[in-house]
Every structure is written in structure tokens, then in C-alpha cells.
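Single-structure report; data block below.
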Amino acid sequence: MPKLIVLFHTGDEAATSLAESAATGAKEVRFTEVEIRSVGQAGAHKGLESADHLREYDGVLLAHSGETLPAAFLPVLGELTSSGQLPNAVFGLTGVDANALHLVARSGGIIVSEQAGADANERARKLGARMAKVVGWVRHALGHEAEHHKH
-4 MPKLIVLFHT
6 GDEAATSLAE
16 SAATGAKEVR
26 FTEVEIRSVG
36 QAGAHKGLES
46 ADHLREYDGV
56 LLAHSGETLP
66 AAFLPVLGEL
76 TSSGQLPNAV
86 FGLTGVDANA
96 LHLVARSGGI
106 IVSEQAGADA
116 NERARKLGAR
126 MAKVVGWVRH
136 ALGHEAEHHK
146 H
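If you number the sequence shown the way this note's numbering does, the last residue is 146 and the count never jumps.
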């Protein structure tokens, strides 16, 4: 079953709302397992234990509301990319922060970007749904690849 995690910075109420919208969108795609975790101070949502925990997921969606990625995400992304590239991981970002896109691109993974639209929460919901679909496709293709190598 494809697994997607949505991360947001605890101190940002708008990001919390975006994360919840993205998770709602992802859950609309059948068979997708979705979790929301906070980065930074513990809040209403469970916190992320470590960047290593992200390797258990097929997709990572970073929900943030500002112009730049919160500083709390930087060590997580740094730790994630320092231990080798993740060519089969799918990443998504709310917003179009060029620096954040650059950091995520260093993972070697697949980036799903937000589509234009008026309402930020609606864009996040659509991004969550698109990410869940892409994660499902990638996981399906990798399953075929593994089957092919067995024969």
C-alpha cells in the first residue's frame, strides 16, 4: 500500500491547515496510507521522530504557508539527503519556494508541484491527491520491475 507523509511546522497555523487539506486530498485516492507529522515543537499532531523515519514512506509532502521553507525543515532535508539519494521517493511542496525546490531536488527524487489556483487549502488538497496518485504509480512500477528481475 502506498504510504504518504505530510509534514508541517508546528508554529504555523496556516501550514497546519494546509497539511490537513493535503492529507484529505491524499486520502481521496484509494489504498493510500496517509500520516500527518509536525516538525519543530510538539503540538496537536504527532512529531516526526527523525529524518530516517521518512525512508519508510513512498512520498513526503512539505506543507508550509510562507515564502520560504521553515528553518525546522532544513536539518530534516539535510539528514535525508546526506545518506544517499532517494530516486524513487516522491516529494511535494505547497507553494513555489525556489530554495525549497532546490533542496528537495538534491534528493534525486520525483517532485510534484502545486497547481495554480485561488485558494491555498484547495491547492494543497489537489496536491495531496496528485501526490497520492504519483506515489501509487511509482510503487506499482517498482513492483513490476522487481517481478521482472525475479525471472
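For each residue, glycine too, the CB sits at the ideal point set by N, CA and C.
Just so we're clear, the structure is a prediction, and the values are computed from it rather than from any experiment.
Q | the segment 68 to 76 / the segment 114 to 123 touching (three or more Cβ pairs under 8 Å) | A | no
Q | Residue from E23, E109 and G131 with nearest C-alpha to L57 | A | E109
Q. Roughly how many whole angstroms lie between the Cα atoms of S78 and D53?
A. Their backbone Cα atoms lie some 17 Å apart in a straight line.
Q: Determine the burial state of H139: buried for a count of at least 16 other Cβ atoms within 10 Å of its Cβ, exposed for fewer.
A: exposed
Q.
With DSSP as the reference, identify every bridge partner of H4, one or two as the case may be.
A. V34
Q | Beta-carbon contacts of P(-3) that lie in its chain and below 6 Å, excluding the five residues immediately before and after | A | T27, D53, V130, G131 and R134
Q | Candidates H40, G20 and A46, of which the one nearest E74 by Cα | A | Ranking H40, G20 and A46 by Cα distance to E74 puts A46 first.
Q.
Between the alpha carbons of D7 and A136, how many angstroms are there, rounded?
A. 36 Å
Q: May I have the straight-line CA-CA distance separating G61 from G90, to the nearest angstrom?
A: 8 Å
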